[in-house]
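A.B. asks: Numbering (the working numbering), first residue to last: 11 to 476.
The C-beta atom is built at its ideal place from N, Cα and C for all residues, glycine as well.
Handing you a structure now.
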Ligand SMILES: Cc1cc2nc3c(=O)[nH]c(=O)nc-3n(C[C@H](O)[C@H](O)[C@H](O)COP(=O)(O)OP(=O)(O)OC[C@H]3O[C@@H](n4cnc5c(N)ncnc54)[C@H](O)[C@@H]3O)c2cc1C
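As C-alpha cells, this is what we get:
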C-alpha cells in the first residue's frame, strides 16, 4: 500500500519539474531536509527528498497533482513542533512548508471568526487580533505552532477547559485532497446538520487525508478581567478534587494547570520563581470585574477545604505573563535542570474522575522505574503530560523509559482514557491505536483507502500497518 522505493524514480522527476516551476522555492540541501523532519522523540530523523514552499492554494494543487502523477509522498509542514514524528518522511518525498502561506485573510468581527492561511502562527494571529479586542484561545504552548498544524493534530492546551480544542474552534477547512480536488468542508455558520461532518474528519487527520490551504476559526472577546494565581497543595488528590468541584459548580476557570513537585522544582531552577516545591495548580480566571472575583472567592473556599496551602495572586499583567511563560517553558525547564538528557514529551488523557489515580500510579511507576519524569497537566480536561528525561548514552535508562511509556498508555486506556489527549499519533503512537479503537481502526483504514488510494498523503502516520 505504501509508496515505496519503486517510486523513487518518480520522485527525481517530480523534483526536477518542481525546480523548473518554483525555482528557489524548492530546496534539496541536507540541512534543510533534516530540519523538516524534526522529531523530539527518539524516532530517527527521516528527511524528505525536497522541501517546497507554496504561496497559494493553486501552488498546492499543482504540487499535489505532480505528486499524484509521479506517486510521490507528501508531508505537510507547519512549524515542525509536533512531538510524535508527524513530519518525518519514512518514504521520502516532498515536505510542503507553509511558511509563505501565513496571511490572515478576513476577520469577521461581528461573527467572531476569521479566515486564515494554514501557515499563520498562533502568536502572529493573536498579535494581529489584540487591537481588535479579540483573541484565538487554543494554546498548545509552542507559540510558533501554525493554525494549519494545530488543526491537523487536533491540538489543544492550557485553555481547552474553557474554550475547547481545535475540534470545537475550527468552523471549516479548505483542503486539496489526494485526487487533486479542492474541498471546503463547511460554510461559516456556527452549526450545521447538513451531511457528514467533514470538518471534524479533517481536524486531527495529521496530513494523511488532504492538505489544508485555508481555515475559518472561532474568535473570542478579550475578557474584561484576567486574574491568575498559583496554589500549592498538600496532595495531588486535593488539587484534582478542587478542580472537579469547580467544574461541577460551573466556575468559569479559563486555565487550571497541575504541576507535580518535580516539575515545580524544574521551573524554579529555570525561571527562578521561588515556588514551594509541592503539587501545585496554576490558575486563570476570565470574566467581568465582579464575576471573576466571585469565582476566585468560591474557588479559594473549595481549594482550602481540599488542602490548599495558600494562594499567591498575580494581578499585574507582567506577573501573569511571567507565570504563564514559566508554565509554557516547562519542557525547557526540565532540559535546564537535567542537562545532557533528552526530554521525551508524551501525553495521555483520562476521564477527570480518574485523573488523580492515574497521576499517582504514574508517579509510583516513575519511582519504581528509577527514571526522572516531571508531570504537568491540563487538569480540567483530565489530560496530563509526562516528560521522561533520558540519558541517551545509557541503554538501561532508555529501556526503562520505553517500558514506562508503554505502561502509561496502557494505564490510561484501562481507565477509559486515550493514549493521547492532544499531541496526536504521528509515528510514535500508532502502536496503541488498535487497543484504543478496536474495529474502529478498520473504519479509519477504509476512509484512508477511499480518499487516498495511492497512499501519497503523509504515509506511515496515524493508522497502524496491517
Ligand atoms: C514545548 C512543546 C510543548 C507543546 N505543548 C503542547 C500542548 O500543550 N498541546 C498540544 O496540543 N500540543 C503541544 N505541543 C505539540 C505541537 O505544538 C502541536 O502538535 C502543534 O499543533 C503542531 O503545530 P505545527 O505547526 O508545529 O505542526 P507540524 O509539527 O509542522 O505538523 C504537525 C502535523 O500536521 C500536519 N500538517 C501541518 N500543516 C498542515 C496542513 N496545512 N495541511 C495538512 N496537514 C498539515 C503535518 O503533516 C503533521 O502531521 C507542544 C510542542 C512543544 C515543542
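(1) So what does DSSP say about residue 25, is it helix, strand or coil?
(2) Where does residue 16 land, buried or exposed, given buried means 16+ other C-beta within 10 angstroms?
(3) Taking 6 Å as the limit between beta carbons, can you name the residues of its chain near residue 70, skipping five residues before and five after?
(4) Let's see if you can read the secondary structure: which residues bound the alpha helix (DSSP H) around residue 176?
(5) Using a Cβ-Cβ cut-off of 9 Å, state whether residue 114 counts as contacting chain B.
(6) Is the beta carbon of residue 261 less than 9 Å from the beta carbon of residue 289?
(7) Where residue 151 and residue 384 are concerned, what is the direct C-alpha to C-alpha distance, given to the nearest angstrom?
(8) Over the uninterrupted alpha helix (DSSP H) stretch that includes residue 414, give me the two end residues.
(9) Contact check, residue 75 vs residue 438 under 8 Å by CB: the rounded distance?
(10) CB of residue 295 to nearest heavy atom of ligand 1: below 8 Å?
(11) With DSSP as the reference, label residue 276 as helix, strand or coil.
(12) Identify the residues that DSSP records as bridge partners of residue 183: which are they?
(13) At 3 residues or longer, what runs of the beta strand (DSSP E) sit wholly inside the segment 17-103?
(14) If you follow the alpha helix (DSSP H) that residue 168 is in, where does it begin and where does it stop?
(15) Buried or exposed: residue 197, going by 16 or more other Cβ atoms within 10 Å of its Cβ?
(16) Taking its Cβ as the centre, do 16 or more other Cβ atoms sit within 10 Å of residue 361, making it buried, or is it exposed?
(17) What residue range does the alpha helix (DSSP H) around residue 209 cover?
(18) Compute the beta-carbon to beta-carbon distance between residue 476 and residue 188, rounded to the nearest angstrom, for a pair I have assumed lies under 8 Å.
(19) Name, in chain order, the residues that DSSP records as bridge partners for residue 323.
(20) Suppose the cutoff is 6 Å on Cβ atoms and the five residues either side in sequence are ignored; what does the same chain contact list for residue 125 look like?
(21) Would you kindly check if the distance between the Cβ of residue 98 and the Cβ of residue 470 is under 9 Å?
(22) What is the DSSP secondary structure of residue 111, reduced to helix, strand or coil?
(23) Looking at the structure shown, is residue 244 part of a helix, part of a strand, or coil, going by DSSP?
(24) Check each candidate in 329, 103, 110 and 82 and name the one with the smallest Cα separation from residue 89.
(25) Nearest to residue 136 by alpha carbon, out of 244, 391 and 228?
(26) Report the residue from 398, 284, 231 and 355 whose alpha carbon sits nearest the alpha carbon of residue 121.
(27) Quick one: is residue 142 buried, meaning 16 or more other Cβ sit within 10 Å of its Cβ, or exposed?
(28) With contact counted as at least three CB pairs below 8 Å, one residue from each stretch, are the segment 310-327 and the segment 238-252 in contact?
(29) Use the C-beta contact count for residue 404: other C-beta atoms within 10 angstroms, 16 or more gives buried, fewer gives exposed.
(30) Mind checking residue 453: buried by the 16 CB within 10 Å criterion, or exposed?
(31) Just to check my reading of the structure: residue 159 and residue 92 have Cβ atoms closer than 8 Å, yes? What is that Cβ distance to the nearest angstrom?
(32) Have a look at residue 402 and residue 101 and give me their C-alpha separation to the nearest angstrom.
(33) Would you check if the distance between the CB atom of residue 357 and the CB atom of residue 446 is smaller than 9 Å?
(34) Please report the distance separating the alpha-carbon of residue 458 from that of residue 206.
(35) Which residues in the same chain as residue 549 place their Cβ atom closer than 8 Å to its Cβ, once the five residues preceding and following it in sequence are excluded?
(36) Let's test the definition: count the other Cβ atoms within 10 Å of the Cβ of residue 281 and tell me whether it reaches 16, buried, or not, exposed.
C.D. replies: In brief:
(1) In the displayed model, residue 25 falls within a helix according to three-state DSSP.
(2) Summary for residue 16: the model assigns pLDDT 49, below 50, so the residue's position carries little reliability; its value from the coordinates is reported in the next sentence. Classification of residue 16: exposed, given that the 10 Å Cβ count is below 16.
(3) Hits under 6 Å: 64, 186, 221 and 223.
(4) 176-179
(5) This model lacks chain B altogether; it includes just one protein chain.
(6) no
(7) 16 Å
(8) 405-424
(9) Contact doesn't hold; Cβ gap of about 31 Å is too wide.
(10) Distances from the CB of residue 295 to the heavy atoms of ligand 1 are all 8 Å or more.
(11) helix
(12) 225
(13) 60-62 and 84-87
(14) No alpha helix (DSSP H) contains residue 168, which DSSP labels as neither H nor E.
(15) exposed
(16) exposed
(17) 208-212
(18) In fact, because the Cβ distance is near 20 Å, the residues do not count as touching under 8 Å.
(19) 239
(20) 115, 116 and 226
(21) Yes, the pair counts as a contact, with Cβ atoms nearer than the cut-off.
(22) coil
(23) Coil.
(24) Relative to the Cα of residue 89, the nearest Cα in the group 329, 103, 110 and 82 belongs to 110.
(25) 228
(26) 231
(27) Classification for residue 142: exposed.
(28) yes
(29) So residue 404 counts as exposed.
(30) By the neighbour-count criterion, in which a residue is buried when 16 or more other Cβ atoms sit within 10 angstroms of its Cβ, residue 453 is exposed.
(31) 7 Å
(32) Cα-Cα distance, rounded: 26 Å.
(33) One thing to note: residue 357 has its Cβ no nearer than 9 Å to the Cβ of residue 446.
(34) 16 Å
(35) Coverage of the chain is limited to positions 11 through 476, which leaves residue 549 absent and any answer about it impossible.
(36) buried
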